[in-house]
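Below you'll find the structure, written out as structure tokens, and then a few comments.
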Amino acid sequence: MSPAPGVDGMAFLRRPGRLLICRPNPIQFGHLGMEMVMALARAREEGSAIAFLRQRPVVNEGPFDLESDEVEIRRLSAPAAAWWRLWWACGTHRGDLADRILDLRIAFWKQVGETARRLVSRPGLSPGAVDRLRRLKTAAREREPERRPRSTPYLKRRLIRTPVRVRFRRDVDQRLVRLAAEVGIARDRPVVTVHAREPGWKRGREVQDKPPSARQYMRDDSTRNADIETFVPAIDYLVERGFTVVRLGDPSMRAVVRPGVIDLALNPRRTPALDVYCLLQSRFLLAGESGPSVVTLLTNTPTLTINATDPVSSYPIRADWLFVPKAVIERATGRQLMLRQMATEQYLAAVRNTTQYEYVSNTPEEILEATVEMLAFLESPPPETDEQRCFRELLARLSIEMAPLHRYVRKWAAHEGFLGDGRVARFYADRYFG
């Protein structure tokens, strides 16, 4: 059985026969969750069983202990997992070699064609030489392999539009229920999870930390960071309404000491699986552009994304999601971009480029306003306003238009014409649509 290429452009998913094999990203929590939910959705669509290859070290072991009534998830024995890892590696190397050969063929015939076109216009050539160059130019055009087709978006938005219901296996769930109780999280009390991205977790490994020669884009992902203190009014509001607020993160983060708050990030009893458990129990997640805010696609947790910098990648797929952008200030003019101006090629081609734009975090008042709107939205979603609909349509259309030439936009663009069922928060659209 020879290794097969990725399924529908999903390099992390392969189909050896009737079983789907998924090897999700082991380093980035968000990508781990996205790739697992895309794989599950594909398996559901096909009626296939699926197995997950766990690489070590892995950022979070928790998702590998999930099960679903909608998809058969097979757990691999150690020997079977070792075999599939070897099989996967063989396929990867074979695919890399084929890609290199194709690249060489494309480059060769492109060079032949360009040289023939340049020489044929030189004065003084004999008719025979001109004829030979023209035939060579034609041959180059005919023999040049088709350009590598533009890849589809990495994020298969339409595929995961409908949730795949998951839960922890019974034994794991019972263990996590006990652990949650020990750190103060009662199962019978409503929970809201919060996460503010800080620089500690990926310090030295961000895109802006690479040397300029190694970067594809002048992007600075520190623009996604936020100060947890700006969440405090929203946290207090949630606690007053009976929620336990669970702060997710890692031990490098700034401590949160607040009545009604469980700072799980700094709790020595925390386990990565407990983070996933809390997302499964959460009424919604309040977070910025970070790993937890997309792992919720796997845990099916409603999500309020604040401090968004990229309106395409952050656009909510599910109908029970809202998002709020940061204020984006154009350095050349000092003006704040309205939502209409964020839905332009000029902005999307330079997302998080801090030489062109300054990013200002949402204020505590805006985060509180978004939280109030989110709670009301989950209780009874109002009709989409004209501004919300127009912004969604602008982004969807623009992402499709830009995808062929802009790799980063293509990665997150509308998939099969679908960008998302969620919305930009109404208060923000009313104020800043432009």
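Numbering-wise, our numbering puts 334 at position 334 of the sequence shown, and it's gapless, one number per residue.
Beta carbons are placed, not taken as given, at the ideal position from N, Cα and C, and that holds for glycine.
Item to check | Own chain residues within Cβ distance below 7 Å of residue 429, not counting five before or after | outcome: 339, 385, 387, 388 and 391
Item to check | Beta-bridge partners of residue 193, as assigned by DSSP | outcome: 246 and 285
Checklist entry - What are the start and end residues of the alpha helix (DSSP H) that includes residue 180? => result 170-182
Next on the checklist: I'd like the span of the alpha helix (DSSP H) that includes residue 296, first residue to last.
Outcome noted: 292-299
Item to check | the stretch 235-248 touching the stretch 154-174, judged by at least three CB pairs closer than 8 Å | outcome: no
Item to check | From 221, 116 and 228, residue whose alpha carbon lies closest to that of residue 131 | outcome: 116
Item to check | Supposed contact pair residue 264 and residue 275 - C-beta distance, whole angstroms, cut 8 Å | outcome: 7 Å
Item to check | Nonlocal neighbours in the same chain, by C-beta distance under 6 Å from residue 76, ignoring five residues either side | outcome: 51
Item to check | residue 359, DSSP secondary structure in three states | outcome: strand
Checklist entry - Given that a residue counts as buried once 16 or more other Cβ atoms are within 10 Å of its Cβ, and exposed if not, what is residue 86? => result exposed
Item to check | Cβ-Cβ separation, residue 378 to residue 316 (assumed contact under 8 Å), whole Å | outcome: No, residue 316 and residue 378 are not in contact; Cβ-Cβ is about 13 Å, not under 8 Å.
Checklist entry - Near residue 56, what residues of its chain come up, given a Cβ to Cβ distance below 8 Å and the 5 sequence neighbours on each side ignored? => result 26
Checklist entry - What number of angstroms, rounded off, separates the C-alpha of residue 37 from the C-alpha of residue 300? => result 10 Å
Checklist entry - Rounded to a whole number of angstroms, what is the C-alpha to C-alpha distance between residue 46 and residue 13? => result 13 Å
Item to check | Distance CB(residue 185)-CB(residue 244) smaller than 8 Å | outcome: yes
Checklist entry - If you draw a straight line from the alpha carbon of residue 129 to that of residue 139, how long is it in whole angstroms? => result 15 Å
Item to check | Buried versus exposed, by CB contacts within 10 Å (16 or more), residue 360 | outcome: exposed
Checklist entry - Should residue 519 go down as buried or exposed, given a rule of 16 or more other Cβ atoms within 10 Å for buried? => result Coverage of the chain is limited to positions 1 through 434, which leaves residue 519 absent and any answer about it impossible.
Next on the checklist: Quick check for students: name the residue ranges of the beta strand (DSSP E) that lie wholly in the stretch 295-358, counting only runs of 3 or more.
Outcome noted: 303-308, 321-325 and 327-330
Next on the checklist: With H, G and I counted as helix, E and B as strand and the rest as coil, what does DSSP make of residue 96?
Outcome noted: At residue 96 the pLDDT is 49, less than 50, meaning the model places this residue with poor confidence and gives no usable figure here.
Checklist entry - residue 367 lies in the beta strand (DSSP E); which residues open and close that run? => result Element bounds for residue 367: not the beta strand (DSSP E) but the alpha helix (DSSP H), 364-379.
Checklist entry - Run through DSSP, which three-state label would residue 80 get? => result helix
Item to check | Residue closest to residue 348, alpha-carbon to alpha-carbon, out of 73, 398, 122 and 375 | outcome: 398
Checklist entry - Helix, strand or coil: which one does DSSP assign to residue 58? => result coil
Checklist entry - Going by the CB atoms, is the gap between residue 197 and residue 290 shorter than 8 Å? => result yes
Next on the checklist: If you reduce the DSSP assignment to three classes, tell me which class residue 14 lands in.
Outcome noted: strand
Item to check | Neighbourhood of residue 127 by C-beta, 7 Å cutoff - its chain only, sequence neighbours within 5 removed | outcome: none
Next on the checklist: Let's test the definition: count the other Cβ atoms within 10 Å of the Cβ of residue 204 and tell me whether it reaches 16, buried, or not, exposed.
Outcome noted: Caution is warranted here: a pLDDT of 48 is assigned to residue 204, below 50, making its placement in the model unreliable, and no coordinate value can be reported.
Next on the checklist: Quick check: the Cα distance between residue 296 and residue 405, rounded to an integer number of angstroms?
Outcome noted: 30 Å
Item to check | residue 66 and residue 21 closer than 8 Å at C-beta | outcome: no
Next on the checklist: Along the chain, where does the beta strand (DSSP E) containing residue 263 start, and where does it finish?
Outcome noted: 261-263
Item to check | As assigned by DSSP and simplified to three states, the class of residue 31 | outcome: helix
Checklist entry - Helix or strand or just coil, what does DSSP make of residue 49? => result strand
Next on the checklist: Tell me the residue span of the alpha helix (DSSP H) that contains residue 235.
Outcome noted: 232-240
Item to check | Counterpart residues of residue 415 in DSSP-defined beta bridges | outcome: 418
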